[in-house]
């Protein structure tokens, strides 16, 4: 069931990653790498967007409805964007709040929020997060909802490096 949900989310992300969605756009599964799926989207204008996606293994607190959170890393070569980290939760974060990504309880990163998404501050932050994720085994995303609830999501990094290699090769 989680795999079907992940494929559904990847289709949704494929649509959201396009500036002008078109029925002629072509999304291709590059592979499933343990807990990560890798995709390439070829847009009608020839632009390629490659991204990888995963859903959390657990969410806390269990008493809350968490929406459908997911984490992506994407390459958009035409726009010279690589390793763009995006965390989406399905509900709005507290305005002007920050999300903390903690990799293996060792490396911490802060992401800015807007609506239901969180991103690294700049290219340097995205590259540092991606590098840490390649070396890690799990990460926890912690944030605060618009209602003031503190939430946390644990993601497996099993397959992260292989999925990242696949999107990097496809979107050179």
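Residue numbers (our numbering): 1 to 172.
Note that the Cβ used here is the ideal one computed from N, Cα and C, for glycine as well.
Separation of residue j from residue i, as counted between CA atoms
i	j	result
residue 113	residue 71	14 Å
residue 104	residue 81	26 Å
residue 58	residue 170	30 Å
residue 109	residue 29	29 Å
residue 26	residue 159	24 Å
residue 36	residue 54	5 Å
residue 127	residue 39	20 Å
residue 156	residue 61	18 Å
residue 74	residue 172	12 Å
residue 23	residue 122	Reliability fails at residue 23, whose pLDDT of 45 lies under 50, so the model's placement of it is uncertain and the value that follows must be treated cautiously. If you take the alpha carbons of residue 23 and residue 122, they lie about 32 Å apart.
residue 111	residue 63	25 Å
Proximity below 8 Å, CB of residue i to CB of residue j
i	j	result
residue 133	residue 120	no
residue 138	residue 56	no
residue 136	residue 94	no
residue 115	residue 96	no
residue 203	residue 125	Here the chain comprises residues numbered 1 to 172, so residue 203 is not present and cannot be evaluated.
Where the alpha helix (DSSP H) containing residue i begins and where it ends
i	result
residue 126	123-135
residue 169	160-170
Presumed contact (8 Å Cβ cut-off) between residue i and residue j, rounded CB distance
i	j	result
residue 117	residue 88	5 Å
residue 46	residue 69	Contact flag wrong, Cβ pair sits at about 32 Å.
residue 151	residue 66	7 Å
residue 99	residue 142	7 Å
residue 33	residue 162	4 Å
residue 48	residue 77	6 Å
For residue i: DSSP bridge partner residues
i	result
residue 29	39
Where the beta strand (DSSP E) containing residue i begins and where it ends
i	result
residue 155	150-156
residue 100	98-103
residue 84	81-88
Near the ligand NAD: residue i beta-carbon under 7 Å from a heavy atom
i	result
residue 42	This structure simply doesn't include the ligand NAD, nor any ligand for that matter.
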